[in-house]
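J.:
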Amino acid sequence: MKKNEQMRFSDRKRVEMEFQWPDVPLNLVLVYPSIPPNTGNASRLCAATGSRLHLIEPLGFDIDDRAVRRAGLDYWDSVDLTVYPDFDSFLEKNPAGQKYFFTTAGKKNFQQVEYEAGDFLIFGNETYGLPDEIIDAQPLEQVLNIPIKLDCVRSLNLSNCAAIVLYEALRQLNCGRDEIRSK
Numbered sequence: 001m002k003k004n005e006q007m008r009f010s011d012r013k014r015v016e017m018e019f020q021w022p023d024v025p026l027n028l029v030l031v032y033p034s035i036p037p038n039t040g041n042a043s044r045l046c047a048a049t050g051s052r053l054h055l056i057e058p059l060g061f062d063i064d065d066r067a068v069r070r071a072g073l074d075y076w077d078s079v080d081l082t083v084y085p086d087f088d089s090f091l092e093k094n095p096a097g098q099k100y101f102f103t104t105a106g107k108k109n110f111q112q113v114e115y116e117a118g119d120f121l122i123f124g125n126e127t128y129g130l131p132d133e134i135i136d137a138q139p140l141e142q143v144l145n146i147p148i149k150l151d152c153v154r155s156l157n158l159s160n161c162a163a164i165v166l167y168e169a170l171r172q173l174n175c176g177r178d179e180i181r182s183k
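Residue numbers (UniProt numbering): 1 to 183.
Written as structure tokens, this is what we have:
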């Protein structure tokens, strides 16, 4: 390459950070998701972080929907996925682990919590959020909010929220290292 030539992006090597992933994976829970690409993006996020994906029915789509599969690309085989017929079934099968509920109505900032390996990060439907009966049954310190400027938007995209919170939890778990290796 000549001295002043820029390297094309496609010619660069991928760089992967060394991570000490939690011994017990984090859990991403989507309650009644309705937009296929959001669930596909969440599945890709879970594959990328080794997190488990839990979906609570009813879903607003067929899990085999082309849009869901496309958004998750070819990572679905790497996703630890469980689908539950309702929220009570989810709670019954997952009695252990701290559960955090994310909503624009939460009074506590999601960064004011100390996350632990195995925690459940629970998000509601893209249009309506988490149902009141689920939120009202939780201790206030477990109902969290991602700060946004409400005079500009009503909420953030579901898969964006999941990524923000999941990576904050990983950051707190001190999973990152400074070592870098090239592929």
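Note that beta-carbon positions come from the ideal geometry of N, C-alpha and C, so glycine has one too.
What is the DSSP secondary structure of G129, reduced to helix, strand or coil?
T.: Here G129 sits in strand by DSSP.
J.: Decide yes or no for the touch test of the segment 164 to 173 against the segment 109 to 127: beta carbon pairs closer than 8 Å, at least 3 of them.
T.: Cβ pair count under 8 Å is three or more, so yes.
J.: Quick one: Cα of P25 to Cα of V79, how far?
T.: Whole-angstrom Cα-Cα distance: 12 Å.
J.: What's the call for V15, buried or exposed, on a 16-neighbour Cβ count within 10 Å?
T.: With fewer than 16 Cβ atoms within 10 Å of its Cβ, V15 is classed as exposed.
J.: Does DSSP put N160 in a helix, a strand or coil?
T.: If DSSP states are grouped into helix, strand and coil, N160 belongs with the helices.
J.: Tell me the residue span of the beta strand (DSSP E) that contains F110.
T.: That residue, F110, is in no beta strand (DSSP E); it is neither H nor E in DSSP.
J.: Can you tell me whether DSSP reads N165 as helix, strand or coil?
T.: It is worth fixing the name first, because residue 165 is Val in this sequence and not Asn. Correct three-state label for V165: helix.
J.: What's the call for V153, buried or exposed, on a 16-neighbour Cβ count within 10 Å?
T.: So V153 ends up on the exposed side.
J.: Report back the beta-carbon spacing between D119 and Q98 to the nearest angstrom; my notes put them in contact at under 8 Å.
T.: Between Q98 and D119 the Cβ distance is about 5 Å, and since that is below 8 Å, they are a contact.
J.: Counting C-beta neighbours from all protein chains within 10 Å, is the total for Y100 16 or more, i.e. buried, or is it exposed?
T.: Buried: at least 16 other Cβ atoms inside 10 Å.
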